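Student: Submitted below is the structure of interest, expressed as structure tokens.
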Amino acid sequence: MLDIKFLRNNPDLVKENIRKKFQEEKLVLVDEVIEKDRAYRDAKTKGDALRNQRKTISKEIGGLMGKGLKEEAEAAKAKVAAIAQELSDLEVLEQKLEAEIRERMLVIPNIIDPSVPIGKDDSENVEVQRYGEPVVPAFEVPYHIDIMERLHGVDLDSARKTSGNGFYYLCGDIARLHSAILSYARDFMIDRGFTYYIPPFMIRSDVVTGVMSFSEMENMMYKIEGEDLYLIGTSEHSMIGKFIDTILDEQQLPQALTSYSPCFRKEVGAHGIEERGVYRIHQFEKQEMVVVCKPEESPVWFERLYQNTVDFFRSMDIPVRTLECCSGDLADLKVKSIDVEAWSPRQQKYFEVGSCSNLGDAQARRLGIRVRCEGSNYFPHTLNNTVVAPPRMLIAFLENNLQADGSIRIPEPLRMYMGGKTQIG
Numbered sequence: 474m475l476d477i478k479f480l481r482n483n484p485d486l487v488k489e490n491i492r493k494k495f496q497e498e499k500l501v502l503v504d505e506v507i508e509k510d511r512a513y514r515d516a517k518t519k520g521d522a523l524r525n526q527r528k529t530i531s532k533e534i535g536g537l538m539g540k541g542l543k544e545e546a547e548a549a550k551a552k553v554a555a556i557a558q559e560l561s562d563l564e565v566l567e568q569k570l571e572a573e574i575r576e577r578m579l580v581i582p583n584i585i586d587p588s589v590p591i592g593k594d595d596s597e598n599v600e601v602q603r604y605g606e607p608v609v610p611a612f613e614v615p616y617h618i619d620i621m622e623r624l625h626g627v628d629l630d631s632a633r634k635t636s637g638n639g640f641y642y643l644c645g646d647i648a649r650l651h652s653a654i655l656s657y658a659r660d661f662m663i664d665r666g667f668t669y670y671i672p673p674f675m676i677r678s679d680v681v682t683g684v685m686s687f688s689e690m691e692n693m694m695y696k697i698e699g700e701d702l703y704l705i706g707t708s709e710h711s712m713i714g715k716f717i718d719t720i721l722d723e724q725q726l727p728q729a730l731t732s733y734s735p736c737f738r739k740e741v742g743a744h745g746i747e748e749r750g751v752y753r754i755h756q757f758e759k760q761e762m763v764v765v766c767k768p769e770e771s772p773v774w775f776e777r778l779y780q781n782t783v784d785f786f787r788s789m790d791i792p793v794r795t796l797e798c799c800s801g802d803l804a805d806l807k808v809k810s811i812d813v814e815a816w817s818p819r820q821q822k823y824f825e826v827g828s829c830s831n832l833g834d835a836q837a838r839r840l841g842i843r844v845r846c847e848g849s850n851y852f853p854h855t856l857n858n859t860v861v862a863p864p865r866m867l868i869a870f871l872e873n874n875l876q877a878d879g880s881i882r883i884p885e886p887l888r889m890y891m892g893g894k895t896q897i898g
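Residue numbers (the numbering used here): 474 to 898.
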């Protein structure tokens, strides 16, 4: 959410930013906010004047009564009563205008970084760099579910009966591999100085609206019927929510956290749930990175976060590339975002396995997260990035480590988590 003072002083800049995100339907919101903000400030000014007037008259009443001027005192009391009613009406108006302003401010997108490429959708994202040489083996690489089924590692039919499309049973060595990757990711991030967390897997609505845009919320979140609770779509939600209405000492920054959680997503408006596959699903597990830092330090943290994911995948010999998200592909709260994509030998192209985002002070402003320093408090910047999200990551792992005989090579870093195994077959 933008600072209302910034919007008030820079309406043309805010409108230009909306155009860069190809959301022209939101242009009218800027003028509406300015108009309602003006009315809100007028009402507040009038209210302050009336409060001072009531205070002055109230003091006079005692003096009038002391002088025996009962009629004048009663007239003064009537004035106080009239002012009280007018103040009550003004307070209702202030609350109404404040709510209407916030409703619109929550929808107006954050100001994107000047370095973000301008484009309408993900087809106009820009490749930044490749890491590792993409290899296409001489033998045929089967579809990932076929690989898993040959290794007796997945059961989609049973999951479809119990839960529907978008769910799965993992079993045997594939299930163990899934857990091994998460355990390795946990230790990988701890070794890089991040504090490990297991957060709540449900959060309240005030946290949901603080960490994401309304469109994301509608398309992603599962609501718990009859309760003010939502299943998290990523542990970033509860990890940033951890700081809601908190004032941090500047010495406590940066907060560098890594968290494990299951994730639940409706995937409404996505490319569709596969009937046979684990690429886009309703339930998965993930290791996440979250940083709360000084505003001037967020660009450095942004590069550090996505590099962590690159290094993690490269440690398992999986080629990856980074892709800069264009303006039209950025969620409304994001200032800048880079996707990490892994190489698929079967498709002979890259596909997304993680996303790194700098959200500026948008989440902190929505959630009331402040930093105390000499002079005045300020809103910190928040960032998040995926370390790894199996079982989607299993697709890249299986395809890139598949051997000609159908076995799966286990890279050195994972072997201690797989009981010393060097392959699955």
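Just so you know, even glycine gets a beta-carbon here, dropped at the ideal spot from N, CA and C. If you're wondering where the values come from, they're calculated on a predicted model, not measured in any experiment.
1) Using 8 Å as the cut-off, can you tell me whether the region 828-837 makes contact with the region 792-807, which would need three or more C-beta pairs spanning the two stretches below that distance?
2) If you draw a straight line from the C-alpha of PHE824 to the C-alpha of ALA632, how long is it?
3) Residues in the same chain with beta-carbon distance under 8 Å from PRO610, minus the five sequence neighbours each way, listed in chain order, please.
4) Can you tell me whether SER880 is helix, strand or coil according to DSSP?
5) Can at least three beta-carbon pairs, one atom from the region 645-654 and one from the region 883-898, be found at a separation below 8 Å?
6) Does the region 559-572 touch the region 762-777, meaning 3 or more C-beta pairs lie closer than 8 Å?
7) Quick one, which of VAL553, LYS739 and SER810 has its alpha-carbon nearest CYS799's?
8) Could you tell me the boundaries of the beta strand (DSSP E) in which SER732 lies?
9) State the DSSP-derived secondary structure class of THR719, mapped to helix, strand or coil.
10) May I ask you to list the residues that DSSP assigns as paired with SER810?
11) So, at 8 Å on beta carbons, what are the nonlocal neighbours of GLY520 in its own chain, with the 5 sequence-adjacent residues on each side left out?
12) Helix, strand or coil, according to DSSP, for PHE852 in the structure here?
13) In whole angstroms, what is the alpha-carbon distance linking ARG677 and SER732?
14) If we call anything under 7 Å between Cβ atoms a contact, is LEU796 one with ASN598?
15) Count the other C-beta atoms from every protein chain shown that fall within 10 angstroms of the C-beta of GLN821, then say buried if there are 16 or more, exposed otherwise.
16) Rounded to whole angstroms, what's the CA-CA distance from THR505 to LEU480? Just pull it up for me.
17) So the candidates are ILE897, GLU489 and THR859; which of them puts its Cα closest to the Cα of LEU655?
18) Below 7 Å CB to CB, which residues in the same chain sit around ALA653 once its five sequence neighbours on both sides are set aside?
19) Strictly by DSSP, which residues pair up with ARG843?
20) Considering GLU622, what are the terminal residues of the alpha helix (DSSP H) in which it resides?
21) For ALA869, which of ASP722, MET762 and ILE618 has the nearest alpha-carbon?
22) Tell me whether the beta-carbon of VAL684 lies closer than 7 Å to the beta-carbon of GLN728.
23) May I have the straight-line CA-CA distance separating GLY626 from GLY879, to the nearest angstrom?
24) Answer yes or no: do ALA512 and LEU570 have a C-beta to C-beta separation smaller than 7 Å?
25) Where does PHE661 fall in DSSP's three states?
26) Pick helix, strand or coil for MET762, following the three-state DSSP scheme.
27) In whole angstroms, what is the alpha-carbon distance linking LEU500 and ALA557?
28) For LYS528, count the other beta carbons within 10 Å of its own beta carbon; 16 or more makes it buried, fewer makes it exposed. Which is it?
29) Measuring only the C-alpha atoms, how far is GLU814 from ALA522?
30) Would you call the region 837-849 in contact with the region 711-725, where contact means no fewer than 3 C-beta pairs closer than 8 Å?
31) Find out if the Cβ-Cβ distance for the pair CYS829, TYR779 is shorter than 7 Å.
32) Note the first and the last residue of the continuous alpha helix (DSSP H) segment covering ARG633.
33) Express the C-alpha separation of GLY801 and PRO672 in angstroms, rounding to a whole number.
34) Which residues bound the alpha helix (DSSP H) around TYR779?
35) Out of curiosity, what's the CA-to-CA distance linking GLU709 and MET662?
36) Tell me the residue span of the alpha helix (DSSP H) that contains GLU600.
Tutor: By the coordinates alone:
1) Using a Cβ-Cβ distance cut-off of 8 Å, the region 828-837 and the region 792-807 are in contact, since at least three pairs of beta carbons, one from each stretch, lie closer than that value.
2) PHE824 and ALA632: Cα-Cα distance of roughly 25 Å.
3) Here the set comprises PRO818, LEU875 and ALA877.
4) Note: SER880 maps to coil in three-state DSSP.
5) Yes: at least three Cβ pairs fall under 8 Å.
6) No, they do not touch.
7) CYS799 has its Cα closest to that of SER810, out of VAL553, LYS739 and SER810.
8) That run of the beta strand (DSSP E) goes 728-737.
9) In the three-state reduction of the DSSP assignment, THR719 falls in the coil class, being assigned neither a helical nor a strand state.
10) Per DSSP, SER830.
11) LEU560, LEU563, GLU564 and GLU567.
12) Here PHE852 carries a coil assignment [DSSP, helix/strand/coil].
13) Taking the straight line joining both Cα atoms gives about 19 Å.
14) Their beta carbons are under 7 Å apart, which means LEU796 touches ASN598 by this criterion.
15) Exposed is the call here.
16) With the sequence shown as reference, residue 505 is identified as Glu, and Thr is not the correct amino acid for it. Cα to Cα, GLU505 sits roughly 11 Å from LEU480.
17) From the listed residues ILE897, GLU489 and THR859, the smallest Cα separation to LEU655 is found for THR859.
18) So the list reads LEU887, TYR890 and MET891, once near-sequence residues are dropped.
19) The partner list for ARG843 (beta bridge, DSSP) reads ILE720.
20) Residue range 617-623 is occupied by the alpha helix (DSSP H) that includes GLU622.
21) The option with the nearest alpha carbon to ALA869 is ILE618.
22) At a Cβ-Cβ threshold of 7 Å, VAL684 and GLN728 do not count as neighbours.
23) Straight-line Cα distance between these residues: approximately 14 Å.
24) One thing to note: ALA512 has its Cβ within 7 Å of the Cβ of LEU570.
25) If DSSP states are grouped into helix, strand and coil, PHE661 belongs with the helices.
26) Correct three-state label for MET762: strand.
27) Approximately 38 Å between the Cα atoms of the pair.
28) The residue in question, LYS528, is exposed, as its Cβ has fewer than 16 Cβ neighbours within 10 Å.
29) The alpha-carbon atoms of GLU814 and ALA522 are separated by roughly 59 Å.
30) Inter-segment contact for the region 837-849 and the region 711-725 is present: three or more beta-carbon pairs are separated by less than 8 Å.
31) It is a contact, given that the beta carbons lie within the stated cut-off.
32) In this chain, the alpha helix (DSSP H) harbouring ARG633 covers 629-635.
33) Distance from the CA atom of PRO672 to the CA atom of GLY801, rounded to whole angstroms, is 31 Å.
34) 771-787 is the span of the alpha helix (DSSP H), which, as asked, contains TYR779.
35) Cα to Cα, the separation comes out at about 15 Å.
36) Counting along the chain, GLU600 falls outside any alpha helix (DSSP H), though it belongs to the beta strand (DSSP E) covering 599-604.
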